[in-house]
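Undergrad:
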Amino acid sequence: MVLPQMRSRRKGLIMNISSLLAIKPTPYLSLQSASKAFVDHFSTALSYECRHYGIRVQSLMPSFCSIGSNSWFKGFIAPAHQTYANRAINTIGSTRRTTGYLWHELHYYLLDRCPQPVWSSLS
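Per full-length UniProt numbering: the sequence shown = residues 1 to 123.
#1: Between G54, H52, I55 and P79, which has its C-alpha nearest C65's C-alpha?
#2: Using C-beta distances below 8 Å, list every residue in its chain close to F42, excluding the 5 sequence neighbours before and after it, in chain order.
#3: Looking at the structure shown, is S33 part of a helix, part of a strand, or coil, going by DSSP?
#4: For L36, collect the residues of the same chain with a Cβ closer than 6 Å to its Cβ; drop the 5 residues on either side in sequence, then sort them by chain order.
#5: Check whether the stretch 44–62 and the stretch 86–103 are in contact - that is, three or more C-beta pairs closer than 8 Å.
#6: Could you check if D112 is buried or exposed, using at least 16 other CB atoms within 10 Å of its CB as the buried criterion?
#7: Quick check on the DSSP output: the alpha helix (DSSP H) that includes R113 runs from which residue to which?
#8: Please state the DSSP three-state secondary structure of S59.
#9: With 16 as the cutoff for other CB atoms within 10 Å, does H104 come out buried or exposed?
#10: For the alpha helix (DSSP H) containing M6, list its first residue and its last residue.
#11: Since Y84 and Y108 should fall inside the 8 Å C-beta cutoff, what is the C-beta to C-beta distance between them, to a whole number of angstroms?
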């Protein structure tokens, strides 16, 4: 519905919300990690299709955010949801894939480099 209008204007941004769980198959969160991997791969493919029309497609891959149910986890690693949203907005259009938050970027870096056998043995 919106994509044809973006194509005619030759500009636009599509932001899809994925997760750091997309990086590795995650035991006991298999459906979540698989669906988030789909969103990330879909965003990548769509970005290739849309790049010639001036449309940017971005995959936002957050880690933990602090909300009422996990407020004990607040801090740099799990920012309040409003803090995270404010920081993530600053990354709009900057890259095809972003975590939106500095500490989540570190989490992404470490998780991406963790061998799958090690990752799966942590469960």
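Beta carbons: idealized from backbone N, C-alpha and C, even for Gly.
A quick note: this is a predicted structure, and the numbers were derived from the prediction, not measured.
TA: Taking the coordinates as given:
#1: P79
#2: N16
#3: helix
#4: It is Lys, not Leu, that sits at residue 36 in the sequence shown. Result list for K36: S18, S19, L21 and A22, in chain order.
#5: yes
#6: exposed
#7: L102 to R113
#8: strand
#9: buried
#10: L3 to R9
#11: Actually they do not touch by this definition, with Cβ atoms about 14 Å apart.
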